[in-house]
Structures are given as C-alpha cells and as structure tokens.
Amino acid sequence: MKLELHQLDEKYADLRVHDATREQRLAASIAEHGQQTPVVVTAGAGERFILLDGHVRVRVLRALGRDDVDAVLLELPEAEALVVSHRLDNTRTRSALEEGWMLRVLVDEHGLRQSDLAAKLDRSESWVSRRLGLVRMLPASVQEAVQKGRVAAQAAQKWLLPLSRDNREQCVRLVENLGRRGASVRELGRLYRGWR
C-alpha cells in the first residue's frame, strides 16, 4: 500500500539506535534505486498509521523530498503488531538496549507481562528480565546518547552500566563530558578502567 508520510505516527522511532553511516548508505541506495523494501505499519487513530519498522527509510525519504512511502499493513492490535514486526525484522541484529526499549514499551505502555513477552518472542523470562533491568538501570541521559549514536550500545552495556551501578552521577557526568563526538567502545573501556 502507498501512504503519505504525514499519515505516519512515528512514536516508536526511539526504539532503535541512530546509525549515521547506515543511514547515508540507505540514502544513496534510495536516491539511485528508489524504495526497495516497504515499511511496516499498523492502523492508528483516524487516517493515521503507526510506523513499526522502517524509521530510517522514512527519514531518508523525507530528506530526499519524497511525499509517500510503500508500506505493509499488519492488521493486528498495536502491541501484537510491534512484537510481530520485531520477530520479522532480520535486517540487522538489535542490541540488548534496543530490545530492552521495546520490551519496556510493551510492559509499561501496553500492559503485557514479562512471561507473555517471553513466550511471544520465543525467549526465556530471564532474557526479558535482563533486558528490562538494563534499560531501567542505565540513566536516561546515557540511553539518549546511545539512541543518538554518540555512545555505542555495546559500550553502554559493557562499561557504563557497571559504572552506573557504582556511581550513577559519575556515569551521567562522563557521558555529558563526551560531548557530541562520543567515544568508541575501546575509549570508554580505558576511561572505565581508569575510574576503577
């Protein structure tokens, strides 16, 4: 189906990490060949559709001045559609943080139980619990830095989470001091070892 970009509700855009390099490659591909893969949506309020997968494609299409997008409609309730789109997406591996963000939305906003999510995603309850614990323990400002691509998700999990457990304020301050440039996994590892 064809949808106009203004019909999309992008409330789940922050469930994925921004990857500028990937976005540039996709922009070049879409500019040359057009949109090859449809986005995934479910019905929203009125004439709107909730974008579940394809946020980067939509950003690129907007930047290229396009008005519409090819979409596939999942005719399911919103929470169920979010789970199904997650299971269908095999374009790239999600980080534990990205999985945790999605699980938090499903638990906190849609009222799903952890045991139900484990069954729907074919994972253990421990897997669900660990990812929820990760996003609940890591300070919001650190998670925002990960979402914007300033800090690698792996670095946040490996170095900033333990730092946050020991001293939340210093973890927040460290990420603030990284500024817009951010830091690699290796650089954060050196900073963490120096702090210890």
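Here the UniProt record's numbering is used: the first residue of the sequence shown is 1, the next is one more, and so on.
Beta carbons: idealized from backbone N, C-alpha and C, even for Gly.
- For residue 81, the enclosing alpha helix (DSSP H) covers residues 78-88.
- Taking C-beta atoms as the reference points, residue 63 and residue 39 fail to come closer than 8 angstroms.
- In this structure, residue 52 and residue 85 form a Cβ contact; the two beta carbons are roughly 4 angstroms apart against a cut-off of 8 angstroms.
- Per DSSP, residue 98 is one residue of the alpha helix (DSSP H) stretching across 96-108.
- Assignment of residue 21 by DSSP, reduced to helix, strand and coil, places it in the helix class.
- Only exposed fits residue 93, as fewer than 16 other CB atoms lie within 10 angstroms of its CB.
- Less than 8 angstroms separates the beta-carbon of residue 69 from that of residue 5.
- Counting the other Cβ atoms within 10 Å of the Cβ of residue 152 gives 16 or more, which makes it buried.
- Where residue 158 is concerned, there is no enclosing alpha helix (DSSP H), because DSSP gives it neither an H nor an E.
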